[in-house]
Amino acid sequence: MSPSREGPVVDIDGDNVISKEEFLRVQRDVWQISAPEALKSFTKLDTDGDGTIFRHEFIRAVREYFLSHDPHAPGSVFFGRP
46 MSPSREGPVV
56 DIDGDNVISK
66 EEFLRVQRDV
76 WQISAPEALK
86 SFTKLDTDGD
96 GTIFRHEFIR
106 AVREYFLSHD
116 PHAPGSVFFG
126 RP
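With our numbering applied, the sequence shown has no gaps in its numbers, which climb one by one up to 127 at the end.
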């Protein structure tokens, strides 16, 4: 599959999943989050533990980050720890 018209931001190879490497790159380059902290976030966001973040996991994380009051929700670490 090709990336969206807007261009990929996280899913660089356009395969519709976010790999660990893609996630760590964005966390490091955009948010200046260290690799160990980013890896903790990735592990928490990868709710099915398969080593990738699928669309439904990504959407859930964004929703939880902005809308959940639960500090332990997987999405609470989407942009690193507060």
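Using N, Cα and C, we set each Cβ at its ideal position, and we do this for glycine too.
Between residue i and residue j, what straight-line distance do the alpha-carbon atoms span, to the nearest angstrom?
{"i": "residue 114", "j": "residue 83", "result": "21 angstroms"}
{"i": "residue 96", "j": "residue 54", "result": "19 angstroms"}
{"i": "residue 68", "j": "residue 79", "result": "12 angstroms"}
{"i": "residue 106", "j": "residue 63", "result": "13 angstroms"}
{"i": "residue 56", "j": "residue 89", "result": "18 angstroms"}
{"i": "residue 100", "j": "residue 124", "result": "17 angstroms"}
{"i": "residue 76", "j": "residue 70", "result": "9 angstroms"}
{"i": "residue 118", "j": "residue 93", "result": "14 angstroms"}
{"i": "residue 59", "j": "residue 81", "result": "25 angstroms"}
{"i": "residue 110", "j": "residue 98", "result": "15 angstroms"}
{"i": "residue 66", "j": "residue 85", "result": "13 angstroms"}
{"i": "residue 87", "j": "residue 122", "result": "9 angstroms"}
With 16 other CB atoms within 10 Å as the buried threshold, where does residue i fall?
{"i": "residue 112", "result": "exposed"}
{"i": "residue 120", "result": "buried"}
{"i": "residue 155", "result": "Residue 155 is absent from the structure shown; the chain starts at 46 and stops at 127."}
{"i": "residue 91", "result": "buried"}
Let me check understanding here. Comparing Cα to Cα, which of the options lies closest to residue i?
{"i": "residue 61", "options": "103, 109 and 117", "result": "103"}
- With a floor of 4 residues, list each alpha helix (DSSP H) that falls wholly inside the stretch 92–119, ordered by position along the chain. Considered as a whole, the stretch 92–119 harbours 100–112 as its complete alpha helix (DSSP H) runs of no fewer than 4 residues, in chain order.
- Item | 4-residue-minimum alpha helix (DSSP H) runs that sit fully inside the stretch 56–92, ordered along the chain | If we require 4 residues or more, the alpha helix (DSSP H) runs fully inside the stretch 56–92 come out as 65–74 and 80–90.
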